[in-house]
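In our numbering, the protein residues as written are 13 to 307. For every residue, glycine included, the Cβ atom is placed at its ideal position computed from N, Cα and C. A short worksheet on the structure shown next.
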Amino acid sequence: MKTSSYVRLYLYSLIALLAFAANSVLCRLALYEQAIDPASFTLIRLISGAVTLIILVLVLKQASTIKQVVNNGDWLSASALFVYAAGFSFAYIALPAGLGALLLFGSVQITMMLYSLLSGERLVTLQWFGFITAIFGLIYLLFPNSDKLQIDSVNTWAIASLLMILAGIAWGVYSIKGKSVANATLSTTDNFLRASVLACVGFSAYLVSNGTIHLSRQGLFLALISGTITSGIGYAIWYAVLPKLRGTSAASMQLSVPVFASIAGVLLLNEALSLSLIIASIMILGGVSLVIKYK
């Protein structure tokens, strides 16, 4: 591959990874400022993402009609996508952007590692060390220090953390399922359509139980940006470059997302970069990178 091709490849990869990190920042910004409720954010994100992906596959001539898009996905993948999106939104009511991204991507990687182990993959000693270190790093994040939280917010913190871990597990399942599809972009488009249906059901249940929703113009704008640009276009770019990347390179690159999200959280949301977050980041990202390196 020529130097210019390498530059384009890694430039597009960087754009996709920044889009993933931006999802955390946009969602946290919208929910922290109470510009929108999490159910509405999830619904708008998935529907706008589906519309964007449909337009992209039609423009790029991967499909000539919407009918050719359907039946490329499946309901298990769509359910995993919906659980990811919903858990992601509800978790960011309480979690800072960087911490949320670290919990999310740590859970994704650990889920995929567990699947590899259950599928018969053997780990060398350093990989086991990295795997166990990453798990302990994730556990460490679930025990907030008294300097970070007041006692009355510990339950909220714990619930939000567990929701983000659930979102990460769901995204891990979605990623595992996606390895066997013939056309990842078409599959993702159909799964976004199916997940949008599930989001409508979930939104209705939220409305019945909660009795009201909150949706400001700012919240609508942030949810649309998350759905169209940082989800729809971001995923399309990622799946376009993914076949050209080595598996280890792709996995390693994703470890940069929590770092990008943490930096953006500090610069844009005035979030604190705590010592515990730095320690957990080293444990999780360092542990996962050890597993990836020796694959």
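- Own chain, CB closer than 6 angstroms to Gln230, minus 5 neighbours either side, in chain order: Walking along the sequence shown from the start, residue 230 turns up at place 218. Contacts found: Ala47.
- For Ser36 and Ala273, believed in contact at Cβ under 8 angstroms, the rounded distance: Mapped onto the sequence shown, residue 273 falls at position 261. Mapped onto the sequence shown, residue 36 falls at position 24. That belief holds up - the Cβ atoms of Ala273 and Ser36 are roughly 4 angstroms apart, short of 8 angstroms.
- Nearest-angstrom Cα separation, counted from Leu153 out to Ile290: Locating residue 290 in the sequence shown gives position 278, where the first residue counts as 1. Locating residue 153 in the sequence shown gives position 141, where the first residue counts as 1. Answer to the nearest angstrom: the Cα atoms are 10 angstroms apart.
- Query: For the alpha helix (DSSP H) that Gln46 lies in, which residues bound it at each end?
  - Reply: The residue given as residue 46 occupies position 34 in the sequence shown. Per DSSP, Gln46 belongs to no alpha helix (DSSP H) and is neither H nor E.
- Item | Reference Ala207; option with closest CA among Tyr44, Leu297, Ala182, Ser221 | Position 195 of the sequence shown, counted from the first residue, corresponds to residue 207. Of the candidates Tyr44, Leu297, Ala182, Ser221, Ala182 places its Cα closest to the Cα of Ala207.
- Query: Hey, would you say Ala92 sits closer than 8 angstroms to Thr242, going by beta carbons?
  - Reply: Residue numbering aside, residue 92 sits at position 80 when the sequence shown is read from its first letter. Residue numbering aside, residue 242 sits at position 230 when the sequence shown is read from its first letter. With respect to Thr242, Ala92 sits apart: the two C-beta atoms are not nearer than 8 angstroms.
- Message: Is it the case that the stretch 56-76 contacts the stretch 194-202, given that we only count it when at least three CB pairs across the two stretches are under 8 angstroms?
- Response: yes
- Message: On the DSSP bridge list, what partners appear for Leu38?
- Response: The residue given as residue 38 occupies position 26 in the sequence shown. Paired residues: none, contrary to the question.
- Query: Are at least three pairs of beta-carbons, each pair with one atom in the stretch 177-192 and one in the stretch 120-130, less than 8 angstroms apart?
  - Reply: yes
- Query: Roughly how far, in whole angstroms, is the beta-carbon of Thr64 from the beta-carbon of Ile245, given that I think they are within contact range, below 8 angstroms?
  - Reply: Your numbering for residue 64 matches position 52 in the sequence shown. Your numbering for residue 245 matches position 233 in the sequence shown. Sure, about 6 angstroms apart at Cβ, within 8 angstroms.
- Query: Taking C-beta to C-beta, are Pro108 and Gly277 nearer than 8 angstroms?
  - Reply: Sequence index remark: in the sequence shown, residue 108 carries index 96 (1-based). Sequence index remark: in the sequence shown, residue 277 carries index 265 (1-based). In contact: Pro108 and Gly277 (Cβ atoms closer than 8 angstroms).
- Inter-residue spacing [alpha-carbon to alpha-carbon] between Leu267 and Leu297: Within the sequence shown, the letter at position 255 stands for residue 267. Within the sequence shown, the letter at position 285 stands for residue 297. Near 6 angstroms, if we compare the C-alpha coordinates of Leu297 and Leu267.
- Query: Between Leu232 and Leu138, what straight-line distance do the alpha-carbon atoms span, to the nearest angstrom?
  - Reply: Translated into positions along the sequence shown, residue 232 becomes position 220. Translated into positions along the sequence shown, residue 138 becomes position 126. Going from the Cα of Leu232 to the Cα of Leu138 covers about 46 angstroms.
- Residue range of the unbroken alpha helix (DSSP H) whose run includes Leu287: In the sequence shown, the residue the question calls residue 287 occupies position 275. It spans 287-305 - the alpha helix (DSSP H) in which Leu287 sits, taken as one unbroken run.
- Message: I'd like to confirm the pairing. Which residues does DSSP put opposite Leu138 in its beta bridges?
- Response: Your numbering for residue 138 matches position 126 in the sequence shown. Answer is none; Leu138 lacks a bridge partner.
- Work out the CA separation of Leu38 and Val269 for me, nearest whole Å. To locate residue 269, count along the sequence shown from 1; it is residue 257. To locate residue 38, count along the sequence shown from 1; it is residue 26. Going from the Cα of Val269 to the Cα of Leu38 covers about 14 angstroms.
- Message: Helix, strand or coil, according to DSSP, for Leu227 in the structure here?
- Response: Stepping through the sequence shown from its first residue, residue 227 is reached at position 215. Three-state DSSP puts Leu227 in a strand.
- Do Thr240 and Gln74 have their C-beta atoms within less than 8 angstroms of each other? By one-based count along the sequence shown, residue 240 stands at place 228. By one-based count along the sequence shown, residue 74 stands at place 62. Result no, Cβ atoms of Thr240 and Gln74 do not sit closer than 8 angstroms.
- Query: Can you list, in chain order, the residues of its chain whose CB lies under 8 angstroms from that of Asn195, leaving out five sequence neighbours each side?
  - Reply: For the purposes of this step, residue 195 is taken as residue 183 along the sequence shown, with counting starting at 1. Here the set comprises Gln74, Asn84.
- Where does Ile151 land, buried or exposed, given buried means 16+ other C-beta within 10 angstroms? Within the sequence shown, the letter at position 139 stands for residue 151. That one is exposed.
- Message: Between Gln266 and chain C, is any beta-carbon pair separated by less than 8 angstroms?
- Response: Going by chain labels, chain C is absent from the structure shown, which holds only one protein chain.
- Query: Does DSSP put Phe155 in a helix, in a strand, or in coil?
  - Reply: Counted from its first residue, the sequence shown places residue 155 at position 143. Three-state DSSP puts Phe155 in coil, outside helix and strand.
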